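Heads up, the working numbering is the position in the sequence shown plus 57, with the first residue counted as 1.
All C-beta atoms in this analysis are idealised placements derived from N, C-alpha and C, irrespective of residue type, glycine included.
Since the structure is predicted, the reported quantities are computational estimates derived from the model, not experimental observations.
Report on the following structure.
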Amino acid sequence: MWDELLELALESGEMMLARYRDVLEPRFPERTSKAYEEIVYRMLARISDRGIYAEAAGYQRRMDAMGYS
């Protein structure tokens with residue numbers, strides 16, 4: 058049921074994706090990396106402070122670690 062979990066996490070948003078990232082990233086690296094990319098673009102579209110930059114950089118580091126920079 059990993060496919061269903063992935064779809065649910067993608068539909069639910071960042072919090073659910075973050076909660077299950079340890080099991081989803083190894084199984085679906087390309088799809089989770091793409092989700093992270095979309096999250097980063099949304100974050101950077103509404104930049105308000107350094108915290109947003111730091112969070113976006115964290116997602117980019119995760120993508121790099123997965124080999125999808």
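Can you tell me whether DSSP reads residue i as helix, strand or coil?
i      : result
Asp106 : coil
Met58  : coil
Ser69  : helix
Ser126 : coil
Tyr98  : helix
Tyr77  : coil
For residue i, which option in the options has the closest C-alpha, if you only look at C-alpha atoms?
i      : options                       : result
Leu67  : Pro83, Asp79, Met58, Lys91    : Lys91
Asp60  : Arg84, Met72, Gly108          : Arg84
Met72  : Ile96, Pro86, Arg88           : Ile96
Tyr98  : Ser105, Arg88, Arg107, Ala113 : Ala113
Tyr125 : Arg103, Glu87, Leu74          : Glu87
For residue i and residue j, which I take to be in contact (beta-carbon distance under 8 Å), what is that distance rounded to the nearest angstrom?
i     : j      : result
Leu62 : Tyr77  : 6 Å
Glu64 : Met123 : Not a contact, Cβ separation roughly 19 Å.
Can you give me the Cβ contacts of residue i inside the same chain, cut-off strictly under 7 Å, excluding the 5 residues immediately before and after it?
i     : result
Met58 : none
Gly70 : none
Tyr93 : Tyr116, Arg119, Met120
Might you give, ordered along the chain, the residues of its own chain that have their beta carbon closer than 8 Å to the beta carbon of residue i, omitting 5 neighbours on each side?
i      : result
Arg103 : Ile109
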